[in-house]
Amino acid sequence: MKLNGTVLDTPAVKVTDADKVQVDGRPIGLVEATRVWRYHKPTGLVTTHRDPAGRPTVFEHLPENLPRVISVGRLDLTSEGLLLLTNDGELARKLELPSNGWVRRYRARAFGRVTQEELDHLKDGITVDGMRYGSIDAQLERGQGANSWINVAITEGKNREVRRVLDALGLKVNRLIRVSYGPFQLGTLEPGAVEEIPRKMLKDQLGKDFA
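Written out as C-alpha cells, the structure is:
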C-alpha cells in the first residue's frame, strides 16, 4: 500500500480526503455518493440479479449508463409499479425495515366481490396459513363487472402480502400496482422508465438516514 507515493510499513496511519492511496498499484477512490432512483417495473420481470429459472430480470432491463444498483424490497414477477433502486446497500436495508413505518401503497384489481365492511376488518390484522399480518388499510375503489379495484396500504411488506391477504377474503388478484413507497410516488413514470431522485429531495425525506 502506498500513501501519496510512499510505501507504508504500518496500517496505523491517518488518511484524509486529500490523500492519494494505492493498493497493488491501483488508486482507491472516495466513497461513492448515495443515489436513489424511481423505476417503473413492468410485469414479467423478477427482482433479482440472477434467476436460476432463466427468467428475465429487472437488472437486465435497466439503462446501461446506470451504475450497479440494488432494489429496496421487491415486486414479484406479475406485479408492477414503483421499485426504488439505490447504489447504497446499507440505505436499502434501512428503508426496508417495518420499524421505519413507511407505508407501501398499492392498487389491486381482484376477481370477486367484497364489501368495505369486510375490508375494514383487515385493520385489526389477519392470520393466513399461520402467517400473521399486521394492520392493513384497504379501501374499495370501485367494482368493474366481476372485478374490484382496491387501494391497499401496508407497512410490513411481507412476501406476497397483498395477494395472500386478499385471497383469504376470496379475491383473486389479477393485477397489482405499487403506486408509492414511503414518500416516493410512481406518478406518471412510464413502464420501464428510470428517474433519479434529486439529492435535495432525498435529504428532505430521509433525514438522518441520508448521510
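Residue numbers (my numbering): 52 to 262.
Heads up, the beta-carbon is just placed ideally off N, CA and C, and yes, glycines get one too.
Contact test: residue i Cβ vs the ligand ZN heavy atom, cutoff 7 Å
i	result
VAL245	Looking for the ligand ZN in the displayed structure turns up nothing, as the structure carries no ligands at all.
Integer-rounded CB distance, given that residue j should sit under 8 Å from residue i
i	j	result
LEU126	THR166	That belief does not hold up - the Cβ atoms of LEU126 and THR166 are roughly 28 Å apart, past 8 Å.
HIS91	ALA244	5 Å
VAL123	LEU113	Not a contact, Cβ separation roughly 14 Å.
GLY208	PRO149	7 Å
Member of the options whose CA lies at the smallest distance from the CA of residue i
i	options	result
SER231	GLU192, ARG158 and THR85	ARG158
ILE177	HIS100, ALA219 and GLN190	ALA219
PHE110	THR137, ALA84 and ARG86	THR137
GLY152	GLY185, ARG164, LEU134 and VAL213	GLY185
GLN236	VAL58, ARG89 and ALA84	ARG89
HIS100	VAL87, VAL120 and ASP139	VAL120
GLY105	LEU128, VAL213 and VAL58	LEU128
VAL213	ALA84, PRO249 and ARG160	ARG160
VAL216	ARG250, MET252 and ASP175	ASP175
ARG226	LYS251, GLU207, TRP200 and THR206	TRP200
GLN256	PRO118, LEU117 and LEU142	LEU142
VAL154	GLU115, THR206, ARG183 and HIS172	THR206
GLU338	VAL58, ILE248 and ASN210	No information on residue 338 is available, as it lies outside the stretch 52 to 262 that the chain covers here.
ILE187	ASP171, GLY258 and THR57	ASP171
Sequence-distant residues of the same chain with beta carbon closer than 7 Å to residue i, five excluded per side
i	result
ILE228	GLU131, GLY132, TYR157 and ARG158
LEU240	ARG89, HIS91 and GLU246
LYS223	ALA161, PHE162 and GLY163
ALA197	PHE162
GLU83	ASN138
GLU192	TRP200, ILE201 and ASN202
Close Cβ partners of residue i (< 6 Å) along its chain, the five nearest in sequence each way excluded
i	result
GLN190	ASN202
PRO242	HIS91 and PRO93
GLY221	GLY163
Residue span of the beta strand (DSSP E) that contains residue i, given as start and end
i	result
ARG86	That residue, ARG86, is in no beta strand (DSSP E); it is neither H nor E in DSSP.
ARG188	The residue asked about is misnamed: residue 188 is Asp in this sequence, not Arg. Unbroken beta strand (DSSP E) run through ASP188: 188–195.
LEU240	Counting along the chain, LEU240 falls outside any beta strand (DSSP E), and DSSP gives it neither H nor E.
LEU135	130–137
LEU227	223–232
Proximal residues to residue i (C-beta, below 8 Å), its chain only, five neighbours per side dropped
i	result
THR108	LEU96, VAL97, THR98, THR99, HIS100, ARG101 and ASP102
GLU179	Note on residue identity: the sequence assigns Val, not Glu, to residue 179. Closer than 8 Å at Cβ, skipping near neighbours: ARG215, VAL216, ASP218 and ALA219.
Residue i - containing alpha helix (DSSP H), residue span
i	result
ALA219	212–219
LYS254	250–257
**Prompt:** Along the chain, which unbroken stretches of the alpha helix (DSSP H) at least 4 residues long are found entirely within the stretch 89–176?
**Reply:** Within the stretch 89–176, the complete alpha helix (DSSP H) runs of at least 4 residues are 140–147 and 167–171.
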